[in-house]
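Beneath this line is the structure, given in structure tokens, with notes to follow.
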Amino acid sequence: MLLAVASTALLMGLAGGAHCLAMCSAPCGALTGQGAKPANADSNNVAVESGIQPVSWRPRGRVVQRTAALHLGRLAGYATAGALAALAMDSLAWLTQQTLALRPAWTLAHVAVMAWGLMLLLQARQPLWVEQAGRAVWGRVRPLVHAPGGVLLAGFLWALMPCGLLYSALLVAALSGGPVQGALTMALFGLGTSVWLVAGPWAWGTIRARLNTVRTDWGTRIAGGLLCAVAGWALWMDLVYKPSLWCR
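Plus 1260 on top of the position in the sequence shown (first one is 1) and you've got the working numbering.
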């Protein structure tokens, strides 16, 4: 199961590249100084459309060092969030095994995961409240960047940024079976997104004029489809496979 869940998270990170470029390329570039042009009105428009406030400073320090710190912080933050999500789901699973009345809650949790995946698959976008919350969270994180180690801390707190794709990966990690597995699953998701975000600030200026709605939507739809598949498999295991063992 771990192999299936971890590979799903990695594929979600890789397939969601267009979504990551649209949502996080501008703030990543501003934090690291890689291809960021705060004075450019076009960049500000991209940031606003992405649900993130424009960044209006030039970072200090070497680009490579800041980029490494940011993405190491992201991986650590994602792994921590994945471990907590898996621990919470594992605790719920244990409770449902001990208390018969709570077993429907375990099934409903999987149904909720599938519903979120269907929403992403059909709408190809995250809910409006997620984008609004993103502006508020970014406003609190931005001042921390000026402090020593601020870029690393900002990367760690990136896991708190409201994002439909990130939430989908966390739901997958929650089904991984334990905190260690959840941390590994989210680390692989973060690795997949980092492939795009490291080159994103440089590539964004080249492709943003050609990046239309269809190209930004396909990654979100694929992520939603993968999430539905994982949730469907978990529901099948709970409702069909396990009961069938008692009939043999």
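A virtual CB, placed ideally from N, CA and C, is assigned to each residue, including glycine.
Please read these numbers as outputs of a predicted model, since none were measured by experiment.
1. Is the Cβ-Cβ distance between Leu1380 and Ser1436 less than 8 Å?
2. Which same chain residues end up closer than 8 Å to Met1374 when comparing Cβ atoms and leaving out the 5 residues on each side of it in sequence?
3. With 16 as the cutoff for other CB atoms within 10 Å, does Val1324 come out buried or exposed?
4. Quick one: grab the DSSP three-state call for Ala1384.
5. From which residue to which residue does the alpha helix (DSSP H) around Leu1435 run?
6. Please state whether DSSP places Gly1492 in a helix, a strand or coil.
7. Please confirm whether Gly1333 and Trp1418 have their CB atoms less than 8 Å apart.
8. For the alpha helix (DSSP H) holding Gly1273, just list the boundary residues, first then last.
9. Pull up the CB-CB distance for Leu1431 and Trp1376, whole angstroms please, since I reckon it's below 8 Å.
10. For Leu1335 versus Ala1459, is the C-beta spacing smaller than 8 Å?
11. Sorted by chain position, which residues of the same chain lie with C-beta nearer than 7 Å to Ala1329's C-beta, five sequence neighbours on each side aside?
12. Could you check the C-alpha separation between Thr1340 and His1406 for me, to the nearest Å?
13. What does the alpha-carbon distance come out to for the pair His1279 and Thr1480?
14. Can you tell me whether DSSP reads Met1421 as helix, strand or coil?
This is what the structure gives:
1. No, these two residues do not count as a Cβ contact at 8 Å.
2. Closer than 8 Å at the Cβ level, and outside the excluded window around Met1374, lie Leu1487, Cys1488, Ala1491, Gly1492, Leu1495.
3. Exposed.
4. The three-state secondary structure of Ala1384, taken from DSSP, is coil.
5. Counting along the chain, Leu1435 falls outside any alpha helix (DSSP H), and DSSP gives it neither H nor E.
6. Helix, per DSSP.
7. Yes, these two residues count as a Cβ contact at 8 Å.
8. For Gly1273, the uninterrupted alpha helix (DSSP H) run begins and ends at 1262-1275, by DSSP.
9. With a Cβ gap of about 6 Å, Leu1431 and Trp1376 count as contacting.
10. Against a cut-off of 8 Å, the Cβ pair of Ala1459 and Leu1335 comes out as no contact.
11. So the qualifying residues of the chain are Val1411, Leu1412, Gly1415.
12. Distance between the alpha carbons of Thr1340 and His1406: 24 Å.
13. Rounded to whole angstroms, His1279 to Thr1480 spans 7 Å at the Cα level.
14. Residue state, collapsed to three classes: coil.
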